[in-house]
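Peer 1: For the protein sequence lines, the chains are L and B, in the order given.
Taking the working numbering, the leading residue of the first sequence gets 1, the next gets one more, and so forth.
Taking the working numbering, the leading residue of the second sequence gets 175, the next gets one more, and so forth.
Yeah, the Cβ is synthetic: ideal placement off N, Cα and C, and Gly gets one too.
Everything numeric in this text was worked out from a predicted model, so none of it was measured.
Please see the structure below; I have some questions.
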Amino acid sequence: MNTLTSLTVPVTLLLIGGYGVYKKTDVYDALIHGAGDGIKLLFRILPSITALFCAIYMLRASGALDIICSIMSPLTSFFGIPEECSPLLLLRPLSGSAALAFGSDIIKTCGVNSLAGRTAAVMLGASETTFYTISVYFGAIGLNRTRHAIPAALCADVAGFIASAIAVRLFFNT
Amino acid sequence: MMSKIWVGMVFLSIICATMNGRIGELSAAVTEGASASINLVMSIGGMILLWSGIMEVMRRCGLAEKLTKLLTPVLRHIFPSAKNSPEVMGDIAANVSANLLGLGNAATPAGIRAAEGLHRLDGRRDASDDLCMLIVINTASLQLIPTTVAAVRASLGAVNPFDILPAVWTASVISQTCGILSARFLSKLWKRSKV
Numbered sequence: 001m002n003t004l005t006s007l008t009v010p011v012t013l014l015l016i017g018g019y020g021v022y023k024k025t026d027v028y029d030a031l032i033h034g035a036g037d038g039i040k041l042l043f044r045i046l047p048s049i050t051a052l053f054c055a056i057y058m059l060r061a062s063g064a065l066d067i068i069c070s071i072m073s074p075l076t077s078f079f080g081i082p083e084e085c086s087p088l089l090l091l092r093p094l095s096g097s098a099a100l101a102f103g104s105d106i107i108k109t110c111g112v113n114s115l116a117g118r119t120a121a122v123m124l125g126a127s128e129t130t131f132y133t134i135s136v137y138f139g140a141i142g143l144n145r146t147r148h149a150i151p152a153a154l155c156a157d158v159a160g161f162i163a164s165a166i167a168v169r170l171f172f173n174t
Numbered sequence: 175m176m177s178k179i180w181v182g183m184v185f186l187s188i189i190c191a192t193m194n195g196r197i198g199e200l201s202a203a204v205t206e207g208a209s210a211s212i213n214l215v216m217s218i219g220g221m222i223l224l225w226s227g228i229m230e231v232m233r234r235c236g237l238a239e240k241l242t243k244l245l246t247p248v249l250r251h252i253f254p255s256a257k258n259s260p261e262v263m264g265d266i267a268a269n270v271s272a273n274l275l276g277l278g279n280a281a282t283p284a285g286i287r288a289a290e291g292l293h294r295l296d297g298r299r300d301a302s303d304d305l306c307m308l309i310v311i312n313t314a315s316l317q318l319i320p321t322t323v324a325a326v327r328a329s330l331g332a333v334n335p336f337d338i339l340p341a342v343w344t345a346s347v348i349s350q351t352c353g354i355l356s357a358r359f360l361s362k363l364w365k366r367s368k369v
């Protein structure tokens, strides 16, 4: 299993590059141009990450995070979600950068291979910024009557969070 | 909305710090947080650049279009109202395949075109079942390789940052399935408008 997942990314690189060469695409030129766009992306996310990191470090230093975690702990422990991940449940649907900032803080403080660190990573990887997506789509077509879109999307989020915690326990025997 | 969340977080920290007698730590945290953000962005930067390059290769060599063709038969069952409109069906398939490959810049424009198309085909003033379904699918993750979070894990010393892939795929499939099923069931609870 471990070698298989280690191979996923190198083999993906080879397959995509190989397919590109087979299709006579200038693979190297595309790589360089794409990476150039990546720099723009990095500079676009940096300001919001800085603002949010400040707020998150303040929340942690003040002890507010511990209070939030202990308030949510009956709920999270019922579903087997590590207590440290509970602020992530609140922030993930609202803001992508806040969730990334928070998640990386959990991974750092609890450890990359800890239960909480892995669960935070899987939660980030298996979810989207729900409210942002909904507002972009309904905003673009100018529609207010969203019917069941929001409740159904939140059902998917909750299921994803619980499944993340269970999947981490299942795959890593912790 | 983000303004309220941000100010709320700062306000809450000040209240809690005063109660817990941690004012000194609080002010140190402001500087620490600001410099930690630069460290995070710099340490995940290399992976983001590499992956943006790979995405450009996928876009240029037509891999996304290939996936779009493969997905169309499955999507016909999920979006019955678009069955007779190849144009709208194509936009939906392009949106889903770009999401799978992690091509965020291509997924959103295709998704918005698909949403507009579904709304036009429906012709009423509220969101149709298929439109809600499209949005629910987009709010649950479809991405096959979560590169950003893997970059974060790598920057913090994970030996194999991608060892979470099977867990991510399992959780994503469960989340998508729940989203599709609840969109189906909940659609019956919200009545359609007459016009």
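Nearest CA to the CA of residue 239 of chain B: which residue from B/365, B/272, B/227, B/263?
Peer 2: Of the listed residues, the one whose Cα sits closest to residue 239 of chain B is B/272.
Peer 1: Have a look at L/70, L/66, L/83, L/129 and flag the residue whose alpha-carbon is nearest the alpha-carbon of residue 119 of chain L.
Peer 2: With distances taken between Cα atoms, residue 119 of chain L lies closest to L/83.
Peer 1: Opposite residue 314 of chain B in the DSSP bridges: which residues?
Peer 2: For residue 314 of chain B, which the question treats as bridged, DSSP gives the partners L/127.
Peer 1: Could one say the Cβ of residue 151 of chain L lies closer than 8 Å to chain B's Cβ atoms, at least one of them?
Peer 2: Closer than 8 Å: yes.
Peer 1: When the cut-off is 8 Å and only beta carbons count, does residue 293 of chain B lie next to chain L?
Peer 2: Yes, its Cβ sits closer than 8 Å to a Cβ of chain L.
Peer 1: Kindly list the residues whose CB is nearer than 8 Å to the CB of residue 103 of chain L, restricted to its own chain and excluding five residues on each side of it in sequence; keep chain order.
Peer 2: Closer than 8 Å at the Cβ level, and outside the excluded window around residue 103 of chain L, lie 88, 120, 121, 123, 124.
Peer 1: Measuring only between beta-carbons, confirm whether residue 71 of chain L sits less than 8 Å from chain B.
Peer 2: Not closer than 8 Å to any Cβ of chain B, the Cβ of residue 71 of chain L fails to qualify, so no.
Peer 1: Interface residues of chain L around residue 340 of chain B at Cβ under 8 Å?
Peer 2: 1, 5, 167, 171, listed in chain order.
Peer 1: Apply the 10 Å Cβ neighbour rule to residue 86 of chain L and answer buried if 16 or more other Cβ atoms are within range, or exposed otherwise.
Peer 2: So residue 86 of chain L ends up on the buried side.
Peer 1: Out of curiosity, what's the CA-to-CA distance linking residue 175 of chain L and residue 179 of chain B?
Peer 2: The structure shown does not extend to residue 175 of chain L, since chain L is modelled only from 1 to 174, so the question has no answer here.
Peer 1: Residue 39 of chain L versus chain B: which residues are under 9 Å apart at the beta carbon?
Peer 2: Going along chain B in sequence order, the residues near residue 39 of chain L (Cβ under 9 Å) are 219, 222, 223, 226.
Peer 1: Output the residue ranges of the beta strand (DSSP E) runs that lie fully inside the segment 95-120 of chain L and measure 3 residues or longer, sorted by chain position.
Peer 2: The segment 95-120 of chain L contains no whole beta strand (DSSP E) run of 3 or more residues.
Peer 1: Chain L beta carbons: is any one of them nearer than 8 Å to that of residue 312 of chain B?
Peer 2: For residue 312 of chain B, the answer is yes, since a Cβ of chain L falls inside 8 Å of its Cβ.
Peer 1: For the segment 245-278 of chain B, which residues have a beta carbon sitting closer than 7 Å to at least one beta carbon of chain L?
Peer 2: So nothing in the stretch comes that close.
Peer 1: Ignoring anything shorter than 4 residues or poking outside the segment 226-274 of chain B, list the alpha helix (DSSP H) runs there in chain order.
Peer 2: Complete alpha helix (DSSP H) runs here, min 4: 237-252, 260-274.
Peer 1: Should residue 148 of chain L be labelled buried (16 or more other beta-carbon atoms within 10 Å of its own) or exposed?
Peer 2: By the 10 Å Cβ count, residue 148 of chain L comes out buried.
Peer 1: With the cut-off set at 8 Å, would you say residue 234 of chain B and residue 146 of chain L are in Cβ contact?
Peer 2: No; because the gap between Cβ atoms is not below 8 Å, this pair is not in contact.
Peer 1: Determine the direct distance from the alpha carbon of residue 58 of chain L to that of residue 184 of chain B, and round the result to whole angstroms.
Peer 2: Distance between the alpha carbons of residue 184 of chain B and residue 58 of chain L: 7 Å.
Peer 1: Taking Cβ positions only, does residue 353 of chain B come closer than 8 Å to chain L?
Peer 2: Chain L contact via Cβ: present.
Peer 1: Alpha carbon to alpha carbon, how far is residue 152 of chain L from residue 18 of chain L? Give it in angstroms, no decimals.
Peer 2: For residue 18 of chain L and residue 152 of chain L, the distance between alpha carbons rounds to 40 Å.
Peer 1: Considering only the alpha carbon of each residue, which of B/204, B/340, B/241, B/219 lies closest to residue 277 of chain B?
Peer 2: Checking every option, the nearest Cα to that of residue 277 of chain B belongs to B/241.
Peer 1: Return yes when the Cβ of residue 288 of chain B is within less than 8 Å of the Cβ of residue 265 of chain B, no when it is not.
Peer 2: It is a contact, given that the beta carbons lie within the stated cut-off.
Peer 1: Closer than 8 Å, CB to CB, is residue 242 of chain B near chain L or not?
Peer 2: No - not a single Cβ of chain L is within 8 Å of the one on residue 242 of chain B.
Peer 1: Using a Cβ cut-off of 8 Å, pull out every chain B residue sitting near residue 128 of chain L, in sequence order please.
Peer 2: Result: 312, 313, 314, 315.
Peer 1: Around the C-beta of residue 74 of chain L, are 16 or more other C-beta atoms found within 10 angstroms, so that it is buried, or is it exposed?
Peer 2: Under this definition residue 74 of chain L is an exposed residue.
Peer 1: Can you give me the Cβ contacts of residue 284 of chain B inside the same chain, cut-off strictly under 7 Å, excluding the 5 residues immediately before and after it?
Peer 2: Contacts found: 265, 268, 269, 272.
Peer 1: Identify which residue in L/51, L/45, L/37 has its Cα closest to the Cα of residue 223 of chain B.
Peer 2: The shortest Cα separation from residue 223 of chain B among L/51, L/45, L/37 belongs to L/37.
Peer 1: So, is the C-beta of residue 177 of chain B closer than 8 Å to a C-beta in chain D?
Peer 2: In summary, chain D is missing from the structure at hand, where the protein chains are L and B.
Peer 1: Considering residue 290 of chain B, what are the terminal residues of the alpha helix (DSSP H) in which it resides?
Peer 2: Element bounds for residue 290 of chain B: 278-296.
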